[in-house]
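As given, the protein sequences belong to chains A, B, C and D, one line each in that order. Numbers 0 to 133, taken from numbering that gives the first Met the number 0, label the letters of the first sequence in order. Numbers 0 to 133, taken from numbering that gives the first Met the number 0, label the letters of the second sequence in order. Numbers 0 to 133, taken from numbering that gives the first Met the number 0, label the letters of the third sequence in order. Numbers 0 to 133, taken from numbering that gives the first Met the number 0, label the letters of the fourth sequence in order. C-beta: ideal position from N, C-alpha, C; glycine also. Treat the numbers as computed from the prediction; the structure is a model and nothing was measured. Structure first, then comments.
There are 4 protein chains.
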Amino acid sequence: MNLELALRMTEAALKQAFREGAAVSVAVVDEGGNLVSFQRMEGAEISGPVLAQGKAYTSVALRRPTSELPALAAQGGELAGLAGAGFVCFGGGVPLWSGYGEGERVVGGVGVSGGTITQDVACAEAAASVWGAR
Amino acid sequence: MNLELALRMTEAALKQAFREGAAVSVAVVDEGGNLVSFQRMEGAEISGPVLAQGKAYTSVALRRPTSELPALAAQGGELAGLAGAGFVCFGGGVPLWSGYGEGERVVGGVGVSGGTITQDVACAEAAASVWGAR
Amino acid sequence: MNLELALRMTEAALKQAFREGAAVSVAVVDEGGNLVSFQRMEGAEISGPVLAQGKAYTSVALRRPTSELPALAAQGGELAGLAGAGFVCFGGGVPLWSGYGEGERVVGGVGVSGGTITQDVACAEAAASVWGAR
Amino acid sequence: MNLELALRMTEAALKQAFREGAAVSVAVVDEGGNLVSFQRMEGAEISGPVLAQGKAYTSVALRRPTSELPALAAQGGELAGLAGAGFVCFGGGVPLWSGYGEGERVVGGVGVSGGTITQDVACAEAAASVWGAR
Chain A
0 MNLELALRMT
10 EAALKQAFRE
20 GAAVSVAVVD
30 EGGNLVSFQR
40 MEGAEISGPV
50 LAQGKAYTSV
60 ALRRPTSELP
70 ALAAQGGELA
80 GLAGAGFVCF
90 GGGVPLWSGY
100 GEGERVVGGV
110 GVSGGTITQD
120 VACAEAAASV
130 WGAR
Chain B
0 MNLELALRMT
10 EAALKQAFRE
20 GAAVSVAVVD
30 EGGNLVSFQR
40 MEGAEISGPV
50 LAQGKAYTSV
60 ALRRPTSELP
70 ALAAQGGELA
80 GLAGAGFVCF
90 GGGVPLWSGY
100 GEGERVVGGV
110 GVSGGTITQD
120 VACAEAAASV
130 WGAR
Chain C
0 MNLELALRMT
10 EAALKQAFRE
20 GAAVSVAVVD
30 EGGNLVSFQR
40 MEGAEISGPV
50 LAQGKAYTSV
60 ALRRPTSELP
70 ALAAQGGELA
80 GLAGAGFVCF
90 GGGVPLWSGY
100 GEGERVVGGV
110 GVSGGTITQD
120 VACAEAAASV
130 WGAR
Chain D
0 MNLELALRMT
10 EAALKQAFRE
20 GAAVSVAVVD
30 EGGNLVSFQR
40 MEGAEISGPV
50 LAQGKAYTSV
60 ALRRPTSELP
70 ALAAQGGELA
80 GLAGAGFVCF
90 GGGVPLWSGY
100 GEGERVVGGV
110 GVSGGTITQD
120 VACAEAAASV
130 WGAR
């Protein structure tokens with residue numbers, strides 16, 4: 000992860016947010032879960048600094064899109080109660096992989112918060128697609 | 000609990016992880032819930048420091064394998080909402096008892112995170128069996 | 000405060016960092032102390048997410064440049080022990096005022112961390128001068 | 000950083016602790032500040048899980064031995080009040096560098112707690128010397 004790429008991903012997420020008519024925050028973290036960049040659009044909730052970062056961190060820490068977590072973290076799910084451990088367990092966080100197949104590893108994550116979950120996911124995926132095309 | 004035994008338990012958990020093809024973190028805590036040893040395998044998630052420790056702590060704090068907690072902590076369960084209090088309420092944590100029968104007490108716990116829940120439980124039980132045979 | 004202005008301030012801070020040969024993190028917060036933007040340059044310390052945000056927050060919270068705080072927060076000073084309350088009490092944070100004279104209020108803050116204190120202050124002031132010229 | 004090397008460093012720190020007659024905890028973190036290994040000797044304080052990890056993290060986050068921090072973080076120092084931001088600002092944490100000269104970066108850190116500061120520093124340096132000779 001580096002700042003230039005983080006900003007390009009953020010730009011893609013914000014463009015998607017404009018298309019969605021949503022006001023969001025976008026966080027990008029590195030493989031250690033430490034923040035690289037953050038942007039909160041005008042009018043976006045002040046929960047963004049917590050939730051967008053939390054989603055980005057969680058997607059790296061658990062190596063999954065956070066959109067997979069509601070089912071896993073729900074009552075009866077494999078990771079029931081995960082949210083209580085400080086992870087953000089709903090959609091909008093996407094891990095970024097070093098490559099494909101053998102030896103791939105998570106080298107960062109993006110998290111979006113402020114819209115509906117569907118909007119947040121769309122924005123995070125727009126960011127991740129910049130990563131995939133890097 | 001002492002460090003030598005904690006390391007032997009950890010070794011057993013890691014061996015099981017190799018057999019399972021999982022990359023895990025293993026934490027051992029004492030009867031106060033305080034960390035005695037921790038090891039994160041190469042390639043294991045950075046959630047390991049949080050979740051393996053959390054499982055070990057939780058197993059001591061509630062004197063149960065954390066695999067029993069999903070049912071108890073679920074909505075309508077006896078400990079509903081427990082996860083929100085910072086306990087890790089899914090499998091992979093196992094308490095370690097001083098002995099059997101009357102007067103037994105929990106003197107430590109082991110927590111494993113990084114594989115599937117089934118794998119984490121298998122690794123934690125491999126560690127606990129070293130304890131049982133001490 | 001808004002994102003566009005925060006990014007222009009950040010750009011000014013980063014340009015100053017390049018001139019200084021420093022690798023820094025730059026945080027901008029709004030009047031509520033909540034993060035608006037953050038950027039960590041390649042090679043900047045992972046303390047940046049904590050310290051740059053902390054300086055920006057502290058400058059808003061206390062309505063002073065954080066460079067004034069070492070004297071105030073020192074033993075025997077007017078705000079002795081302030082650092083222990085979670086504020087970052089050394090240079091690199093600058094509050095942003097709505098205007099001059101009567102009725103002025105703090106509407107945001109910028110925090111820079113990663114260089115020497117002198118460098119951090121120079122970068123934060125470069126950002127603040129964009130604000131002043133808005 | 001990897002587990003095998005972390006364990007060799009830990010062993011060196013513990014050997015030094017035996018020589019010093021000290022009971023310590025030893026933590027090793029990676030470049031993201033996330034825990035790789037931890038060992039607490041029998042009889043070592045329960046502050047070890049907090050302080051040894053804190054020193055290791057701080058040495059990575061600030062890219063300095065934590066033994067340099069008392070002067071910097073003291074009243075009148077450049078980083079006065081740093082401790083209040085959650086960093087551990089006394090000796091026993093040592094950053095581990097990727098190499099020497101241009102392009103070197105911090106890729107991990109070791110932290111020791113439980114003895115006197117002098118003992119903790121000696122143990123951390125014993126660990127770091129294993130890293131230097133890797």
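Span separating the alpha-carbon of residue i from that of residue j
{"i": "A:Ala-51", "j": "A:Gly-92", "result": "8 Å"}
{"i": "B:Arg-62", "j": "C:Ala-82", "result": "39 Å"}
{"i": "B:Asp-119", "j": "B:Ser-112", "result": "6 Å"}
{"i": "A:Lys-14", "j": "A:Thr-117", "result": "15 Å"}
{"i": "D:Ala-84", "j": "C:Ile-45", "result": "14 Å"}
{"i": "A:Val-49", "j": "D:Gly-100", "result": "38 Å"}
{"i": "A:Glu-67", "j": "C:Glu-67", "result": "47 Å"}
Cutoff 8 Å; reference residue i; Cβ partners in own chain excluding five residues on either side
{"i": "C:Leu-2", "result": "Val-35 and Ser-36"}
{"i": "A:Glu-103", "result": "Trp-96 and Ser-97"}
{"i": "D:Ala-70", "result": "Gly-76"}
{"i": "D:Ala-60", "result": "Gly-32 and Phe-86"}
{"i": "C:Val-106", "result": "Met-0, Asp-29, Glu-30, Leu-95, Trp-96 and Ser-97"}
{"i": "A:Ala-73", "result": "Ala-79"}
Cβ-based neighbour list, residue i, same chain, cut-off 7 Å, excluding 5 preceding and 5 following
{"i": "A:Thr-65", "result": "Lys-54, Thr-57, Ser-58, Val-87, Cys-88, Phe-89, Gly-90, Gly-91 and Gly-92"}
{"i": "A:Val-129", "result": "Arg-7, Met-8 and Ala-11"}
{"i": "A:Glu-124", "result": "Val-93"}
Assigned exposure category for residue i - 16 Cβ within 10 Å defines buried
{"i": "A:Gln-38", "result": "buried"}
{"i": "A:Glu-30", "result": "buried"}
{"i": "C:Ala-132", "result": "exposed"}
Close beta carbons around residue i, own chain, < 6 Å, minus the five adjacent residues each side
{"i": "C:Ala-26", "result": "Phe-37, Ala-51, Gln-52, Ala-55 and Gly-110"}
{"i": "A:Ala-126", "result": "Met-8, Ala-11, Ala-12 and Val-109"}
{"i": "B:Gly-47", "result": "Ser-24, Arg-39, Ser-112 and Gly-113"}
Check whether residue i and residue j have beta carbons under 7 Å apart
{"i": "A:Ala-16", "j": "A:Cys-122", "result": "yes"}
{"i": "B:Gly-42", "j": "B:Ala-22", "result": "yes"}
{"i": "B:Glu-19", "j": "B:Gly-114", "result": "yes"}
Within the segment 67 to 96 of chain D, note down every full beta strand (DSSP E) run reaching 3 residues or more, in order along the chain. 92 to 96
Restricting to runs no shorter than 3 residues, where is the beta strand (DSSP E) found entirely within the segment 13 to 68 of chain B? 24 to 29 and 34 to 39
Please give me, in chain order, every unbroken run of the beta strand (DSSP E) with length at least 3 that falls completely inside the segment 91 to 132 of chain B. 92 to 96 and 105 to 112
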